[in-house]
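Report on the structure given below.
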Amino acid sequence: MMQAVALPALSDNYVWLLHDENSGHTAVVDPGDAQVALDGAAARGWTIDQVLITHWHPDHTAGIPAVVAATGAKVWGPEAERDKFAGLDHGLADGDKVQVGSAEAEVWHVPGHTLGHIAFILDGHAFVGDTLFAGGCGRLFEGTPDQMHASLQRLGTLPDEMIVYPAHEYTLGNYRFLAAKAPGDAAIERRLAEVTALRDAGRPTVPTTIAEERASNLFLRADNAAEFARLRAAKDSFR
Ligand SMILES: [Zn+2]
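Position 234 of the sequence shown, counting from 1, maps to 768 under this note's numbering, and the rest follow consecutively.
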């Protein structure tokens, strides 16, 4: 049984702890802030022994050296981005498998936000970094609309009940954009109300599920790369 915990970090990141109750093993995903990760684990009596990285951006990787220094954890992440951040032990590419406690994670290459971006899919949990957000998707810093559209379509093939763990709390802004883009869309309006209530209560809006994103996330619903590109450009300039 895997337990995932969201640790708010930096301005709007989530560092995810993934704890396997069977083996006692704890992984941290995208530790942009080492102290947040170490304190979050210590508070639960857990010890981090594995670091999983989705992409090279510093708000996902800056904490690696201090987590490793404190715990001796080994680091798995995208081989294609090895030169862009410190501390990678095990480079990964599409289709690779990683043991995470008693579960086996499959690595998916999901380029678009960065060219080497990967996701970890395991045991009903999908750690998607900055590729798929609740109600949104990552900005295209390195990749093309075609690449990101294909990455999102692929994530959209995961089962309905798959729990999706994005790395940022962008949900309210995303649904404000979607509601402006698709006025009267019932799924989007329902989600906007839900996430507004969660944020008013100071609670995270993540994780989400593939079923929810398929129903209410226009970026995942885009029929083709051109439609996706128009939507992404509109979001980039939305205030
Ligand atoms: Zn990023």
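Backbone N, C-alpha and C define an ideal beta-carbon position, used for all residues, glycine too.
Under the 10 Å beta carbon count, residue 685 is surrounded by 16 or more other beta carbons and is classified as buried. Measuring C-alpha to C-alpha distances from residue 573 to each of 588, 605, 745, 559 identifies 605 as the nearest. Counting only the Cα atoms, residue 556 lies some 22 Å from residue 549.
The beta carbon of residue 705 sits closer than 6 Å to those of 668, 669, 729, 739, all from its chain and outside the five residues before and after it, given in chain order. Inclusion of residue 609 and residue 568 in the CB contact set at 8 Å is not warranted, their separation being larger than that value.
About 6 Å separates the beta carbon of residue 743 from that of residue 695, a gap short enough to meet the 8 Å contact definition. When rounded, the separation of the alpha-carbon atoms in residue 558 and residue 551 is 12 Å. Contact between residue 544 and residue 593 is confirmed by a C-beta separation of about 6 Å, below the 8 Å threshold.
Ligand 1 never approaches residue 566 closely enough for any of its heavy atoms to be under 7 Å from the residue's Cβ.
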